[in-house]
Structure formats: structure tokens, C-alpha cells
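Notes to accompany the following structure.
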Amino acid sequence: MRVAILDDEPAELRRVEQTLRQMAEPGEQPWLLHSFERAEDLLRQLRRETFDLLILDWQLPDLSGLSLLRWTREHMDAPPAAIMLTSRDAESDIVQALNAGADDYVSKPFRPNELKARVAAVLRRHGQQRASAAEVLNFNDLVFDDAEQTVTRAGIPIAMTEREYRLARCLFTNLGRPLSREYLYGRFWSHEEMVSSRPLDTHIYRLRNKLGLTADRGWQLLTIYGYGYRLESVGSVNE
504 MRVAILDDEP AELRRVEQTL RQMAEPGEQP WLLHSFERAE DLLRQLRRET
554 FDLLILDWQL PDLSGLSLLR WTREHMDAPP AAIMLTSRDA ESDIVQALNA
604 GADDYVSKPF RPNELKARVA AVLRRHGQQR ASAAEVLNFN DLVFDDAEQT
654 VTRAGIPIAM TEREYRLARC LFTNLGRPLS REYLYGRFWS HEEMVSSRPL
704 DTHIYRLRNK LGLTADRGWQ LLTIYGYGYR LESVGSVNE
């Protein structure tokens, strides 16, 4: 999980980081937390990076968190989930932020357990929270079974490694969303394995072949040069 936290108070950034570090499930990789004290710095990163969640303060010295939120909703094809975390707690402020596209609104000083619960609820709504072990997902003729970590087509299993399964599931549950290379490496490779760009490219090549990610089957896995990949649905499949 990649989270961007925006607040011009370093102590508040550390407190949010400490709270979110407790959210990773046992066996999961730690969440990747990126903290920003200036909205313009986060805006530059949003133009080149992928995040699952934004936690935004409202009042900042350069650009308000609300203005940044509006930018993501107006300029990004698939904007990340966003929670406003601010000392502004008037009803009119809350309504304004929610109307601008915020998924939730938390007032400062925040209570850690409440923030964790609200983050989890927002991520569930956006399909980013880890699914239950028994979940089965259908995408055209492909069926993902989380309990067995298998993919089948017309009942026939497709041989995949655990990492291939997790990477494929991520692509399918983020249909239409550009995913940066750094985001994918951060989720599915340890730091020690990130020695070159080849492991990701190799896995993408295998998934294209194994899952038949071609237009005649209803899929297009696009390479976004200098950024990463995006999986798109290109119409219904007539079997």
C-alpha cells in the first residue's frame, strides 16, 4: 500500500506515519508511506507516481489541500482515495471537502484507532484493502480464487507462481488505472530484489501470454513509457 501524507507540521506527519505503520496485515509488506510538507512537492509526485491513498491537511503555506484534492479529481483518470485530516471542523468545511471529492473527513487532533478504521473503510470502498481469503473475482472468462491463489479459464487452471497471481490480481482490480513501476516494485518485490527493471518486465511478459491479455479476449495491457503499465478492458468477449 502506497500512501502520501501531506501536512506542514513535521510532528503531525510523524504521528500519522506511526499510526499507519500498524495497518499492514501479518505477512504483508509494510505500507510505503511518503510524507510531504509542501503541497507542490506532492503535486509533482502525483504527476509521475502512483498512490493508493492521500491523507491531506487543508491549510498549507503554498497550495491548500483542498485545491490539491480538486486537481486530482479534475486531472487524473483514476484518482486515489483521499481523506482530509485537518483542524477545520465546521460543517461547511466538511461539506465542501466531501463535495470536492474527499472520501472521508477526520478532524484534528485525531484518535489513532479512529483514523485506522476510517482508512480501512475508505480502502475497502476503493477495492484496495486486502480481500478475504475466500473471495472469488470474475473478469470476463478469467476467475481469480484468493483462497487457492489460482486463476482459471473455463474451469481450466492456469499455472502461475504466487507473485504472478498477486501481480495479475493487482492489475485486474485496478483496471484503467496507470500503475507506476515504483508502485509495483514496492508492492511485490523486496528492496534486495530491485536491482534492475527486468523482473517486472519479465512478469508482465509472462502474464500477457499466460492470461491471454489480448484484444480478442477483451484486454489490453499497455506499457506507459517512462512510467509503468495500465490494464484496460476493450469490450465484451463473444465466446
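Numbering of the sequence shown is given in the working numbering, commencing with residue 504 and proceeding in unit increments.
Even for Gly, the Cβ is constructed at its ideal location relative to N, Cα and C.
{"Item": "Nearest-angstrom Cβ-Cβ length linking Pro583 and Asp555, presumed shorter than 8 Å", "Value": "6 Å"}
{"Item": "Neighbour-count burial assignment, Leu509, 16 or more Cβ in a 10 Å radius", "Value": "buried"}
{"Item": "Whether Asp511 touches Leu588 by CB criterion (7 Å)", "Value": "no"}
{"Item": "Sequence-distant residues of its chain with Cβ nearer than 8 Å to Trp534 (five each side left out)", "Value": "Met504, Arg505, Val506, Leu523, Arg524, Met526 and Ala527"}
{"Item": "Delimiting residues of the beta strand (DSSP E) encompassing Asn643", "Value": "It is not in any beta strand (DSSP E) - Asn643 carries neither H nor E in the DSSP assignment."}
{"Item": "Beta-carbon proximity list for Trp692, same chain, < 7 Å, skipping 5 on both sides", "Value": "Pro702"}
{"Item": "Contact with chain B by Ile707, beta-carbon distance below 7 Å", "Value": "In the structure shown, chain B cannot be found, because there is only a single protein chain."}
{"Item": "Whole beta strand (DSSP E) elements within the region 640-725, 3-residue minimum", "Value": "645-648, 653-656 and 659-661"}
{"Item": "Nearest neighbour of Leu572, chosen from Asp580, Ala581, Leu559 and Asp565 [CA to CA]", "Value": "Leu559"}
{"Item": "Inter-residue spacing [alpha-carbon to alpha-carbon] between Leu724 and Ser610", "Value": "40 Å"}
{"Item": "Nearest to Ser683 (by Cα), restricted to the options Pro513, Leu549, Glu540 and Leu640", "Value": "Leu549"}
{"Item": "Selection from Gly568, Val519 and Leu557 that minimises the alpha carbon distance to Arg541", "Value": "Gly568"}
{"Item": "Bounding residues of the alpha helix (DSSP H) (the contiguous stretch that carries Ser590)", "Value": "Counting along the chain, Ser590 falls outside any alpha helix (DSSP H), and DSSP gives it neither H nor E."}
{"Item": "Option in Asn616, Thr676 and Ser570 with minimal Cα separation from Asn602", "Value": "Ser570"}
{"Item": "Whole-angstrom distance between Arg669 and Tyr732, CA atom to CA atom", "Value": "15 Å"}
{"Item": "Cβ contact check for the region 702-717 and the region 514-523: 3 or more pairs under 8 Å", "Value": "no"}
{"Item": "Own chain residues within Cβ distance below 7 Å of His629, not counting five before or after", "Value": "Ala584"}
{"Item": "Cβ-based neighbour list, Leu557, same chain, cut-off 6 Å, excluding 5 preceding and 5 following", "Value": "Ala507, Pro583 and Ala585"}
{"Item": "Status (buried if at least 16 other CB within 10 Å, exposed otherwise) for Thr717", "Value": "exposed"}
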